[in-house]
Amino acid sequence: MPGYSEFYFNVDHGYLEGLVRGFKAGILKSADYVNLAQCETLEDLKLHLQTTDYGNFLANETGPLTISTIDDKLKAKLLTEFHYFRNHAFEPLATFLNFITYSYMIDNVILLITGTLHQRPIAELVPKCHPLGSFEQMEAVSIASNPTELYNAILVDTPLAAFFQDCLSENDLDEMNIEIMRNKLYKSYLEAFYKFCEKQGGTTAEIMRPILEFEADRRAFIITINSFGTELSKDDRETLYPTCGKLYPEGLHMLANADDYEQVKRVAEYYAEYKAVFEGVGSGSGEKTLEDAFFEHEVKMNVLAFNNQFHFGVFYAYVKLKEQECRNIVWIAECISQRHRTKINNYIPIF
Amino acid sequence: MGSLFRSEEVCLAQLFLQSASAYSCISELGERGLLEFRDLNPKVSPFQRRFVGEVRRCEDMEKTFTFLQQELRGAGRVLGPCPESPRAPLAREALRVQEQSEQLAQELREVTRNRSSLRGRLRDLRQYLHVLREGQRFTSLPAPLGSPPRPRALSDREPILDPSLHQHLERKINFVAGVIHPWRVTAFERLLWRACRGYLVASFVEMPEPMEDPATGESVTWVIFLISYWGEQIGQKIRKISDCFHCQVYPYPESEASREDTITGLHSQIQDLSVVLEETEQYLAQVLDKVALALPAWRVQVQKMKAIYLILNQCSFDVTEKCLIAEVWCPVQDLTQVQDALRQGSYQSGSSVECFVQRVPTSESPPTLIRTNKFTAGFQSIVDAYGVASYQEVNPAPYAIITFPFIFAIMFGDVGHGLLMFLFALWMVLYEDSPRLRQGTNEIWLTFFEGRYLILLMGAFSIYTGFIYNECFSKATVIFPSAWSVATMANHSSWSSAYLATHPSLTLDPNVTGVFRGPYPFGIDPIWSLATNHLNFLNSFKMKMSVVLGIVHMGFGVVLGVFNHLHFKQRHRLVLEFLPEMIFLLALFGYLVFLIFYKWLKYSAADSRVAPSILIHFIDMFLFTSNVENLPLYQGQVPVQTVLVVLALASVPVLLLGTPLYLWCRQRAPSRPVATGEQEPLLDGQEAGNSVNATKEDVESGGHSPDAKHLDFSEIFMHQAIHTIEYCLGCVSNTASYLRLWALSLAHAQLSEVLWTMVMRNGFVGLSYVGGVVLVPVFAAFAVLTVAILLVMEGLSAFLHALRLHWVEFQNKFYVGAGYKLCPFTFAPDTWD
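Chains A and B supply the protein sequences, listed in that same order.
Using my numbering, the letters of the first sequence correspond one by one to residues 1 to 351.
Using my numbering, the letters of the second sequence correspond one by one to residues 1 to 833.
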């Protein structure tokens, strides 16, 4: 039943929506970041984080505090919250939440394959995976030698199987192919997610559409820029672009033909929001990178998702904002521990 | 009692603490719990404060304690509460505690690590043993007892090795054997099948005894697997896969004989290990004993220490850095005690220079401190729930001690119900020291328990009003003989038996001599409970009673305002506010009360037919008319009423404009000094310099400074206008609001009557034995319903209405309630848990 979700939304999802809005209030404010940025040591950082919603999440750490433990604990907290959502969710919210995890699963699979390619032991790679995207057969990924085997033996049981149809080939797994596979997976994933949100209709579609469109377009831009100077052909490049964005189809076509950064920028100029993003990028070393500009735009869109009620977008937005918050805290912690204070303010404030 | 009437005098004071003895002084003050400390560095973030290192040290210690406690809990021991409250440790002692606790933690860590590694080894060996044993079923020559193996694998791909085939292939077959978590079995099996394309035989069997999972500590029945395969490449793959699934893989000897050897070897190893493990366990128990003994006291000590450093962080240093300055709110009465505590603190730390306390003048309004005991606490909390009293204003709590239960009882008047409630409260009061009652975890129960004295009085007053209404479980009791004589009436109108039989209701005429012999000595005459016009009579009585009590209650509230005006030296408000308010209330509603009493006294049964209606008179009074059909109550009623209404109306503009105009005039007279007779301190100018706070904004100063007064004239006027409108309209609506007394008492009486007639009366089926049997369940139902509906539900509703009458109707006549409580820094025993 598309639309009119306000009439029956609360029956199944009211509790979780209330909960996620409550959690959202715990996201660090800009005043918190100002305080964090003033910290002299990681212990200070911990002390300040204790006064926020994070509470005593680092209290039981014995031994000196490292950035990786902070990162792990931040992620663990997000994971606990997410699992709580997932365990209490009804359909179709449950599927929606699953979709959120798929992107992390893709990243994990690719990470493991790349790691095995470089002869790293699996035990060293697993802790680097994002906990949101871990699944049972994950570690077995390393035994596969080509995509078909990967699919047939391991991924066929996982939810990722559906996205894999496009990238079945007998090619060996080399670095280029892995990258292509990642992008193809992502493309199918984004398109499937987009279709799913469209099917939900109502406010969910309204909110998620721009967010996913942006995600798709961002990938297209990044793929284009990263492919300069590699042996990827223009036609191949075009097949990697997710087709659910605002750029589809003309913009993607133009991107496929772009040869350097300036041409990409010219493509972006046809679209008001991307124009603003590209204009925000500075050229100097201390200034914003394109990645940061994209992140900033993403944060802005995710914050907007909270302005509407009775939709699933808040869950997606919350996870993404929380992830950004982790990145911010880790960035600040890095700057503190490396005594690199000039760049400490390059985090992206959320509220 | 003086302290309950208004809050105690509290002053701002500065403590000058020698840095050497500051710690012990604060510790001493915390033990006594006298002062509220103010944060002098509100702009300094927590990690930039002075004693952050010490606080962090305390936190480190707490971390160690948490670890110790976890270990204790893991060993199944419960930590008892700390028997006596140890004082905060001195620096040397704290060091000792830290050292000892860390040493213990270190020891514990080592022992537990040893133990877990031993356990791990043991588990490993056992698992290996099981693998070998179970594996024999699949690999040995014909099973010795002919018992069929119990493989978990699906039967369609489960070629149990044919002994003959086995012989044949022996040289080529290799084995991988191990254990796997039961949840992962299916996925593991599936992946094996897919990855190796079926070139293997996998058998699964459950281990006969559950073992601990090293990751989660849970007891799990592991699954043993034995994979036979052909070819080395597949073997590598299998090993890799089993690695991914966190399987424990064991070497599986190929020949039967070497397997036997391994098994015997394992047996002896297991035995040796068990002995070592047992010894380790014993040692661990000893260490845990030590921990359990010392930990409770340490925890309290360190928590106190941390609290002290947090307070010290709120102090500021003077210029010479030798002395800490703290700002506190201190009850004036306790100043000597504070000085005493400081002296003791300095003495304990062996400092030669004494710490001292000094009062500081301030324009800020101090916090409210009202000392209560266990009896008054319940009543005070009712008032505090509305709003904490402003500093030194009249506290309504002492009056609530009587009025609250009384007003409740008016709505709950029933001897039986009151008695039950009284007994319940009495039980709580008598056993109030019993720890079982005190330490209940049920929040609802604790609420009742906190209010036990309130409930006690409510019950007692309900018994009293029950006697007045003459109702006990809705039945009237005949304590005195009724004042009405039916016999006289019967004789007078010579009712025959036949007449009586045909007429179900008869009239008793009070005008016949001897039928009505004067009023009943106490309460309502029981004969009314038989009358058909029972309700009419009671309604009229209860309605008038509610109005009279309401107006008296409100009038009392207005009078209490006088004490505020006098105390705050605002004599103008006496004339400009109290007087018009009182005139307004008395001229209109006081007069109504007068009319009610006048009519009660003037008109008896004889001339009741010509008695005028008060309602019509009251309406006419406002319309300045008179009604010919409604006889006047007394001579000259119309002029008196006119004068009263004019007086009341005239007092409204006085109330509206009086105070603002007065303040305005005073401001216009520039020669007058600002401060005479006002509450503003004389030292206003110096005060900012005296306070340690460098800027005045740090102290949250309200609109108290004289500058603010100049500007806010319009605000004063607005405020007064709102107050006037609220008061005048409130007099009308609040009087009507008191009618809830009537409504609720009516509802209660009717409900209990319904319960009696609909439930209890069904039990009186006859005087036979059957009737006695029927009575049991009927009484049970009656008792349950009485408690559930009449006592709990009705009681709560009457409580809420009594609460509202106090908060809204009574307290808004004089009570501001804009204060904040004094929260003294204290080592409260309940904060440790």
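All residues carry an ideal CB built from backbone N, CA and C; glycine is no exception.
Buried or exposed by the 16-neighbour rule on C-beta atoms within 10 Å, applied to V792/B: Along the second sequence, read from residue 1 onward, the residue named residue 792/B stands at position 792. Residue environment: V792/B is assigned as exposed (fewer than 16 neighbouring CB atoms within 10 Å of its CB, all protein chains considered).
What whole-angstrom Cβ distance do P159/A and Y102/A have, given they're in contact under 8 Å? The residue given as residue 159/A occupies position 159 in the first sequence. The residue given as residue 102/A occupies position 102 in the first sequence. That belief holds up - the Cβ atoms of P159/A and Y102/A are roughly 6 Å apart, short of 8 Å.
Expected contact under 8 Å - CB spacing of V109/A and V141/A to nearest Å: Stepping through the first sequence from its first residue, residue 109/A is reached at position 109. Stepping through the first sequence from its first residue, residue 141/A is reached at position 141. Rounded, the Cβ-Cβ distance is 6 Å, consistent with contact.
Own chain partners of G416/B with C-beta closer than 6 Å, once the 5 adjacent residues on each side are dropped: Walking along the second sequence from the start, residue 416/B turns up at place 416. Cβ neighbours of G416/B beyond the five flanking positions: C472 and F473.
Starting from A187/B, find everything on chain A with Cβ-Cβ shorter than 8 Å and list it in chain order. Taking the first residue of the second sequence as 1, we reach residue 187/B at position 187. Those within 8 Å of A187/B in chain A are E136, Q137 and D157.
Is the CB of A153/A under 7 Å away from at least one CB in chain B? Here residue 153/A is taken as the residue at index 153 of the first sequence, counted from 1. At least one chain B Cβ lies under 7 Å of A153/A.
Which same chain residues end up closer than 7 Å to V111/B when comparing Cβ atoms and leaving out the 5 residues on each side of it in sequence? For this step, residue 111/B is matched to residue 111 along the second sequence. Hits under 7 Å: T280, Y283, L284 and V287.
How about A105/B: is its C-beta nearer than 7 Å to some C-beta of chain A? Counting from one through the second sequence, the residue named residue 105/B turns up at place 105. A105/B does not count as touching chain A.
Please classify L200/B: does DSSP put it in a helix, a strand, or coil? Taking the first residue of the second sequence as position 1, residue 200/B is located at position 200. In this structure, DSSP gives L200/B an extended state, which the three-state scheme calls strand.
With a CB to CB cut of under 6 Å and the five nearest residues on each side skipped, what residues in its chain are close to M208/A? Here residue 208/A is taken as the residue at index 208 of the first sequence, counted from 1. Only C197 and G313 meet the Cβ criterion.
Reduced DSSP category for S233/A - H, G, I as helix; E, B as strand; rest coil: Counting from one through the first sequence, the residue named residue 233/A turns up at place 233. Reduced to three states, the DSSP call for S233/A is coil.
For the pair the stretch 183–191 of chain A and the stretch 212–221 of chain A, tell me if three or more CB-CB distances fall below 8 Å. At 8 Å Cβ cutoff, the stretches touch.
What does R49/B reach in chain A if we use C-beta pairs closer than 9 Å? If you number the second sequence from 1, residue 49/B lands on position 49. In chain order: nothing, as chain A lies at least about 10 Å away.
Can you tell me which residues form a DSSP beta bridge with V357/B? Counted from its first residue, the second sequence places residue 357/B at position 357. The partner list for V357/B (beta bridge, DSSP) reads L15/B.
Taking a Cβ distance cut-off of 9 Å, strictly less, list which residues of the stretch 238–268 of chain B are near chain A, in chain order. Listed in sequence order: K240, I241, D243, C244, F245 and H246.
Between which residues of its own chain and H565/B is the CB-CB distance below 8 Å, once the five residues before and five after are set aside? Counting from 1 along the second sequence, the entry for residue 565/B is found at position 565. So the qualifying residues of the chain are R571, R573, L574, E577 and F578.
Measure how close the beta-carbons of S482/B and G418/B come, nearest whole angstrom, since I'm counting them as under 8 Å. Along the second sequence, one-based indexing puts residue 482/B at 482. Along the second sequence, one-based indexing puts residue 418/B at 418. Going by Cβ atoms, the distance from S482/B to G418/B rounds to 23 Å, so no, they are not a contact pair.
Roughly how many angstroms lie between the CA atoms of C196/B and I154/A, to the nearest whole one? Translated into the one-based positions of the second sequence, residue 196/B becomes position 196. Translated into the one-based positions of the first sequence, residue 154/A becomes position 154. Cα to Cα, the separation comes out at about 12 Å.
Report yes or no: do three or more beta-carbon pairs, one from the stretch 653–672 of chain B and one from the stretch 585–594 of chain B, lie closer than 8 Å? No, because fewer than three Cβ pairs between the stretch 653–672 of chain B and the stretch 585–594 of chain B fall closer than 8 Å, the two stretches do not touch.
Classification of G135/B by the beta-carbon crowding that lies within 10 angstroms, buried from 16 upward: Position 135 of the second sequence holds residue 135/B. Residue burial annotation: G135/B is buried, with at least 16 other C-beta atoms found within 10 angstroms of its C-beta.
Using a Cβ-Cβ distance under 7 Å, would R115/B count as near chain A? Translated into the one-based positions of the second sequence, residue 115/B becomes position 115. No, because no Cβ of chain A sits closer than 7 Å to the Cβ of R115/B.
Looking at the structure shown, is W495/B part of a helix, part of a strand, or coil, going by DSSP? As a first step, residue 495/B is located in the second sequence; it is residue number 495 there, counting from the start. Reduced to three states, the DSSP call for W495/B is coil.
So, are the CB atoms of L247/A and T224/A less than 7 Å apart? Here residue 247/A is taken as the residue at index 247 of the first sequence, counted from 1. Here residue 224/A is taken as the residue at index 224 of the first sequence, counted from 1. Not a contact, by the Cβ cut-off of 7 Å.
With 7 Å as the threshold, decide whether the Cβ of L191/B is near any Cβ in chain A. Working through the second sequence from its first residue, we reach residue 191/B at position 191. Interface residue, yes.
Decide if the stretch 288–306 of chain B is in contact with the stretch 64–83 of chain B; the criterion is three or more beta carbon pairs, one per stretch, under 8 Å apart. Yes, the stretch 288–306 of chain B touches the stretch 64–83 of chain B.
Under 8 Å, with one C-beta from each stretch per pair, do the stretch 262–269 of chain B and the stretch 53–63 of chain B reach the 3-pair mark? These segments do not touch.
Residue closest to I444/B, alpha-carbon to alpha-carbon, out of L796/B, M554/B and I616/B: Here residue 444/B corresponds to residue number 444 of the second sequence, with the count starting at 1. Closest by alpha carbon: L796/B.
Measuring straight from C-alpha to C-alpha, what distance separates I224/B and M138/A? The residue you call residue 224/B lines up with position 224 of the second sequence. The residue you call residue 138/A lines up with position 138 of the first sequence. Cα to Cα, I224/B sits roughly 22 Å from M138/A.
Selected residue, minimal CA-CA separation from Q119/A, among E175/A, I348/A, Q38/A and A272/A: To locate residue 119/A, count along the first sequence from 1; it is residue 119. The residue among E175/A, I348/A, Q38/A and A272/A with its C-alpha nearest the C-alpha of Q119/A is E175/A.
If you compare alpha carbons, which of E81/A, Y8/A and D12/A is closest to G26/A? As a first step, residue 26/A must be located in the first sequence, where it is residue number 26. Minimum Cα distance to G26/A is reached at E81/A.
Locate the alpha helix (DSSP H) running through W445/B, then write down its first and last residues. Translated into positions along the second sequence, residue 445/B becomes position 445. That run of the alpha helix (DSSP H) goes E443 to E450.
Where does the unbroken beta strand (DSSP E) through S546/B begin, and where does it stop? For this step, residue 546/B is matched to residue 546 along the second sequence. S546/B -> not in any beta strand (DSSP E); alpha helix (DSSP H) instead, spanning H534 to H567.
Quick check on the DSSP output: the beta strand (DSSP E) that includes W329/B runs from which residue to which? Against the second sequence, residue 329/B aligns to sequence position 329. From DSSP, the beta strand (DSSP E) with W329/B extends over C323 to P331.
Buried versus exposed, by CB contacts within 10 Å (16 or more), C25/B: In the second sequence, the residue the question calls residue 25/B occupies position 25. Its Cβ being crowded by 16 or more others within 10 Å, C25/B is buried.
For R123/B and Y252/B, what's the separation of their Cα atoms in angstroms? Reading the second sequence from its first residue, position 123 is the one you call residue 123/B. Reading the second sequence from its first residue, position 252 is the one you call residue 252/B. The alpha-carbon atoms of R123/B and Y252/B are separated by roughly 17 Å.
Completely contained beta strand (DSSP E) runs for the stretch 180–239 of chain B, where each covers 3 or more residues: Qualifying beta strand (DSSP E) stretches, in chain order: 200–206 and 223–230.
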